[in-house]
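K.L.:
Quick note on numbering: the sequence shown equals residues 134 to 284 in this note's numbering. Beta carbons: idealized from backbone N, C-alpha and C, even for Gly. Starting off with a structure, shown below.
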Amino acid sequence: FQKLGGKIPKGVLMVGPPGTGKTLLAKAIAGEAKVPFFTISGSDFVEMFVGVGASRVRDMFEQAKKAAPCIIFIDEIDAVGRQRGAGLGGGHDEREQTLNQMLVEMDGFEGNEGIIVIAATNRPDVLDPALLRPGRFDRQVVVGLPDVRGR
């Protein structure tokens, strides 16, 4: 792909209603690319104990760096990537620390050469604008409901 002049995105955000095949599409991409595939749900990062989510993000990127080239897939990224400061009555420090760590890891991509992050959400409207800026999720792919023939 790169030999033809194509630029590989650092991140791809798949957007669409539940059950449209976003997760399956991410697995198919990894299978076709013949690279290791790391998958985690956004809710797996959100813990009661402060610092656990951020350390899980660090660990996941550390494993991915060792296995590069590879794909990291974060399902339901809205669980951790929700807009900061939007919570009622605070208490979201852990989620915000986790999101901050994810932003730091995605920015450190000079050392993350060969790692593509694919994330899926059915709520792009609640995502933090920092996640959506260029250099993090370069592409958005809308995965819509199939038509009658597609079913």
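#1: Here's the rule I'm using: 16 or more other beta-carbon atoms within 10 Å means buried, otherwise exposed. How should K167 be labelled?
#2: In this structure, does DSSP put L313 in helix, strand or coil?
#3: In the DSSP output, which residue or residues are listed as bridge partners for D208?
#4: Note down the Cα distance separating V250 from E195, rounded to an integer number of angstroms.
#5: Just grab the DSSP bridge partners of Q196 for me.
#6: My guess is that I210 and T254 are in contact by the Cβ rule of under 8 Å, so how many angstroms apart are they, rounded?
#7: Which of helix, strand or coil does DSSP assign to T254?
#8: From the DSSP output, read off the bridge partner residues of Q273.
#9: What is the DSSP secondary structure of R189, counted as helix, strand or coil?
#10: How would you label D261, buried or exposed, when you count the other beta carbons within 10 angstroms and need 16 or more for buried?
#11: Hey, I207 and I173 are a contact pair by Cβ (cut 8 Å); roughly how many whole angstroms apart?
#12: Where does the unbroken alpha helix (DSSP H) through E238 begin, and where does it stop?
P.N.:
With the given structure in hand:
#1: exposed
#2: Residue 313 lies beyond the range of the chain shown here (134 to 284); nothing can be said about it.
#3: Looking at the DSSP output, D208 sits in a beta bridge with S174.
#4: Between V250 and E195, the alpha-carbon positions lie close to 13 Å from each other.
#5: Answer is none; Q196 lacks a bridge partner.
#6: 5 Å
#7: strand
#8: L146
#9: helix
#10: buried
#11: 6 Å
#12: 226-240
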